[in-house]
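Undergrad:
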Amino acid sequence: MVSRKIKLLIPKERGEIIPIVFVLALITIYVTFELYVILPAIYNNIFTYKEVCHLIFGLYIIYNLVGNLFICMATDTSIDTIICPVLLPPPTVTTTNTQQDMIFQYCNWHYCYQCEVNVPPRSQHCHLCKKCILKRDHHCSFLGRCIGFRNIRYYMCFLIWTWIGLFYCNILHVDYTYELVGTFSWRVIVACLFPFGAWLFRLLDHFSLFLSFICSTSIVLSLYILFLIIQQIYLIINGQTWHEYGKNIQIYSNQKNLQANLEIIFGKRWFFILFSPLISSPLIGDGMSFDIKMTETADARYFQTKRI
């Protein structure tokens with residue numbers, strides 16, 4: 001089991017090793033920077049209860065961030081762990097004049113010529129992972145993993161804790177800047193937003209350039225991660241994957257309440273998962289059968305919930 005998880009951590013494509021190393025390097029740089037530069041400067045190397053609280057909270061952020069990252073990458077999202085039927089099951093979603101053949105192919109059991117096996121609805125073959133992914137959402141190049149039915153919980157928690165960590169770093173950077181310069185001025189703003197430009201015009205020395213670069217990248221990354229979180233929450237509320245959103249596939253039920261949609265993604269104990277990646281939260285369903293909201297008849301179109 002351990003060796004299998006280690007194999008899952010290694011991307012299939014060598015080119016994806018660079019983004020993963022970049023993510024791990026950023027985490028290491030920020031942790032080291034906050035511990036050995038920011039906190040000692042703010043508290044003047046005096047070990048106070050406030051610094052202890054900062055350390056405890058910082059370690060808790062790192063625990064959740066790294067834990068969710070590891071489990072997300074070590075989780076097998078492929079269809080290898082399920083038993084696929086030898087004969088292709090009959091279609092349950094039929095196409096009409098207003099529907100494309102792509103919907104018929106994607107929303108029913110279909111044959112994958114690359115894997116040479118029948119795969120469930122909403123599953124797709126990933127040419128980077130070289131496998132069919134159960135309820136595939138998208139392929140994350142920064143993690144070198146496909147995000148699917150089994151690991152989207154850990155992916156979302158990783159994004160949320162990354163944003164919390166970056167937001168926390170930004171708060172500490174504001175305190176550090178105030179301690180360093182004593183006041184805020186246009187030079188400080190320019191140095192934080194455009195560190196290389198400030199360095200070229202000699203507003204910063206080499207060490208200040210490094211500090212400004214760390215501060216500016218934390219702001220940019222926090223905004224980018226927040227954008228990804230908002231996008232993913234929008235998909236969760238609508239009950240869609242990235243592929244379905246891009247292809248405008250809306251036959252899966254999105255009339256459930258928010259709690260039901262959260263349980264589908266995060267499991268029955270969805271309100272606890274942010275506290276620790278080790279908290280068990282059994283997923284609802286098997287990733288092979290889903291509720292649909294639209295059924296076509298010869299007379300008229302009506303809406304009802306149907307299990308496929």
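First residue of the sequence shown? That's 1 in UniProt numbering, and the numbers climb one at a time after it.
Where is the CB? At the ideal position from N, CA and C, for every residue including glycine.
Per DSSP, what kind of secondary structure is I133 in: helix, strand or coil?
TA: strand
Undergrad: Measuring alpha carbon to alpha carbon, tell me which of S141, L134, Y60 ends up nearest I18.
TA: S141
Undergrad: Cβ of E13 versus every heavy atom of the ligand COA: is any distance shorter than 6 Å?
TA: This structure lacks the ligand COA; in fact it carries no ligand of any kind.
Undergrad: If H243 and Q114 are in contact, beta carbons under 8 Å, what's the gap, nearest whole angstrom?
TA: That pair is no contact at about 17 Å.
Undergrad: Are there three or more Cβ pairs, one per stretch, closer than 8 Å when the segment 144 to 159 is compared with the segment 269 to 278?
TA: yes
Undergrad: Tell me which residues share the same chain as C146 and place their Cβ nearer than 7 Å to its Cβ, disregarding the 5 neighbours each side in the sequence.
TA: T77, C126, C129, I133, R136, H139
Undergrad: What does the alpha-carbon distance come out to for the pair F210 and C157?
TA: 29 Å
Undergrad: So if DSSP puts N118 in a beta bridge, which residue, or which two residues, is it bridged to?
TA: Y111
Undergrad: Please report how far the alpha carbon of V117 lies from the alpha carbon of V31, in whole angstroms.
TA: Annotation: V117 to V31 spans about 45 Å, alpha carbon to alpha carbon.
Undergrad: Would you verify that the beta carbon of Y113 is, or is not, closer than 7 Å to some beta carbon of chain C?
TA: No chain C is present in this structure, which holds just one protein chain.
Undergrad: Whether or not the segment 58 to 73 and the segment 158 to 168 are in contact is what I'm after, with contact meaning three or more pairs of Cβ atoms, one per stretch, closer than 8 Å; do they touch?
TA: yes
Undergrad: Using beta-carbon positions only, say whether I279 and I264 come within less than 7 Å of one another.
TA: no
Undergrad: Please classify D291: does DSSP put it in a helix, a strand, or coil?
TA: strand
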